[in-house]
Amino acid sequence: MDRVAIPANPVRAWASPGLWLAGATLWLDGLTGLLGLGVLLLAAIGLLTLPIVVGFPLFALLGRLLWRLGDSQRRILATGTGAVIARPDPPAATSAFRGAWGYLRNRHTWRQLGYWLVRLPLSFVTAMGVVLALALPITLALLPAYWSSFPTRSASVGPITVDSFWVAGLVSTCAVAAGLVVSPLLIKLLVEVDLAVARRLLGGTSLTRRVEELTVSRARVVDAAEVERQRIERDLHDGAQQRLIAVAVAIGRAKVRLRAAGADADPEIIRLLNQAHADAKTAITELRDLTRGLHPPVLTDRGLDAALSALAGRLPIPAEITVTPDLTGDRRPPAAIESAAYFVVSEALTNAAKHSGATRITVRIGRLGTNRMSVEVIDNGRGGARFSAGGGLAGLAGRVQGIDGTFTVDSPPGGPTMIRAELPCES
418 MDRVAIPANP VRAWASPGLW LAGATLWLDG LTGLLGLGVL LLAAIGLLTL
468 PIVVGFPLFA LLGRLLWRLG DSQRRILATG TGAVIARPDP PAATSAFRGA
518 WGYLRNRHTW RQLGYWLVRL PLSFVTAMGV VLALALPITL ALLPAYWSSF
568 PTRSASVGPI TVDSFWVAGL VSTCAVAAGL VVSPLLIKLL VEVDLAVARR
618 LLGGTSLTRR VEELTVSRAR VVDAAEVERQ RIERDLHDGA QQRLIAVAVA
668 IGRAKVRLRA AGADADPEII RLLNQAHADA KTAITELRDL TRGLHPPVLT
718 DRGLDAALSA LAGRLPIPAE ITVTPDLTGD RRPPAAIESA AYFVVSEALT
768 NAAKHSGATR ITVRIGRLGT NRMSVEVIDN GRGGARFSAG GGLAGLAGRV
818 QGIDGTFTVD SPPGGPTMIR AELPCES
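Quick look at the structure:
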């Protein structure tokens with residue numbers, strides 16, 4: 418469960434942004450609580466008019482309004498306290514009648530309606546709490562500066578009559594001392610109550626919360642795996658690959674010196690050196706291919722367009738690569754998503770070059786709305802591509818589904834073949 422980020426130490430609490438954000442949240446809650454009046458009025462009208470036709474569009478409107486207000490309130494609480502409240506799924510509203518019936522049957526409709534009913538008295542409590550916790554101590558702390566401006570040159574603070582600078586100073590000191598300790602505790606208590614009510618009435622079920630927690634956990638695992646792949650790629654590139662290059666260079670120099678020796682050189686030694694030199698160069702090539710398979714450096718440095726163009730340049734088949742501008746520069750996808758898109762295209766291009774008999778390949782990558790992207794690879798080959806256990810396509814499907822994406826293959830006999838992936842993309 419999320420906790421309000423207000424330090425226990427009073428001095429640190431007053432200097433913490435969390436205290437002031439929490440106070441602003443409570444004050445804003447006092448204003449949004451007034452919306453409860455309108456919501457309850459609309460609910461009453463909608464329920465009373467349900468027996469006649471006009472009640473259904475009214476209740477459908479109420480349902481949509483409840484979810485929009487609930488979303489706004491969850492955002493306010495998330496911004497002010499850092500607490501993330503799971504969003505329940507609203508029913509599908511395909512028409513006024515079905516929408517109203519769906520909202521009537523959905524228990525979250527009544528829970529959210531109950532929230533705004535509770536919000537009315539709670540708003541008064543939270544607003545008064547902010548005044549008592551923040552405004553009152555600050556006002557009393559400044560009392561010595563303005564007490565003498567009252568018409569009678571005196572003021573009453575509870576049972577105490579302030580009629581001199583020294584009494585005002587005493588009240589100010591007590592207010593500062595009390596406010597320093599009590600105000601953060603009061604603010605924290607009020608916010609915890611506010612959050613408890615919101616979690617209970619605005620939040621989803623325990624299953625919904627568990628799904629969201631697992632989604633976040635999976636995203637962290639995917640990100641960690643991507644970071645580890647990049648680390649391994651760097652270690653291989655900067656370590657083992659450089660040492661192999663040094664070995665190949667040393668063997669090449671040894672060959673040159675043996676050739677310079679002429680007749681004194683042992684033919685068997687020359688043969689072994691030639692073999693070792695060839696093996697070293699083969700190992701370097703294989704290691705380069707391996708590092709590209711883990712995570713090509715150009716993908717990290719320059720993005721999908723450059724990485725896929727470099728990949729297409731090594732193919733024996735012409736490939737047209739199109740990456741829309743809204744996936745480049747500052748709008749690049751997260752690293753794990755970008756990597757998955759790259760490997761979908763990489764595997765598809767490799768399969769097309771080896772098995773399809775294609776003479777042309779087209780790659781199109783672009784956004785779908787604001788939070789999805791599509792990857793399409795189309796070749797004009799013979800078709801017939803199928804999933805097989807342990808095969809490349811099955812591995813790609815598993816990788817894409819692991820980041821909450823979809824993967825489809827359309828490859829009728831005779832072609833063409835289209836491989837399509839849709840990936841989450843909240844850059």
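Last residue of the sequence shown: 844 in this note's numbering, with the numbers rising by one and none dropped.
Quick reminder that beta carbons are idealized off the backbone N, C-alpha and C, glycines included.
Residue of the options minimising C-alpha distance to residue i
i, options, result
"residue 717", "693, 758, 446, 615", "758"
"residue 673", "663, 789, 690", "690"
"residue 721", "781, 799, 485", "781"
"residue 748", "532, 668, 783", "783"
"residue 541", "455, 603, 450", "450"
"residue 791", "439, 550, 743", "743"
"residue 726", "774, 436, 684, 778", "778"
"residue 485", "619, 756, 741, 774", "619"
"residue 556", "524, 530, 596", "596"
"residue 603", "829, 436, 745, 685", "436"
"residue 696", "668, 684, 686, 714", "668"
Collapsed DSSP secondary structure at residue i in the structure displayed
i, result
"residue 779", "strand"
"residue 821", "coil"
"residue 784", "strand"
"residue 816", "helix"
"residue 734", "coil"
"residue 845", "The structure shown has nothing for residue 845, since the chain only spans 418 to 844."
Alpha carbon of residue i to alpha carbon of residue j, nearest angstrom
i, j, result
"residue 754", "residue 840", "7 Å"
"residue 835", "residue 491", "41 Å"
"residue 814", "residue 760", "11 Å"
"residue 666", "residue 699", "13 Å"
"residue 832", "residue 819", "28 Å"
"residue 480", "residue 526", "7 Å"
"residue 811", "residue 676", "52 Å"
"residue 460", "residue 554", "40 Å"
"residue 534", "residue 723", "56 Å"
"residue 493", "residue 442", "7 Å"
"residue 373", "residue 788", "Examination of residue 373 is not possible in this model, given that the chain is present from 418 through 844 alone."
"residue 488", "residue 739", "37 Å"
"residue 547", "residue 432", "17 Å"
"residue 762", "residue 730", "13 Å"
"residue 772", "residue 736", "15 Å"
"residue 528", "residue 482", "14 Å"
Residue span of the alpha helix (DSSP H) that contains residue i, given as start and end
i, result
"residue 723", "721 to 730"
"residue 537", "524 to 547"
"residue 841", "First-last for residue 841: 834 to 841, but that is the beta strand (DSSP E), not the alpha helix (DSSP H)."
"residue 756", "752 to 768"
"residue 800", "First-last for residue 800: undefined, no H or E at that position."
Beta carbon of residue i nearer than 8 Å to that of residue j
i, j, result
"residue 770", "residue 734", "yes"
"residue 592", "residue 558", "yes"
"residue 362", "residue 608", "With the chain represented from 418 up to 844, any question about residue 362 goes unanswered, as that position is not in the structure."
Any non-hydrogen atom of the ligand SAH within 7 Å of residue i CB
i, result
"residue 765", "Only the bare structure without any ligand can be found here, which leaves the ligand SAH out of the picture."
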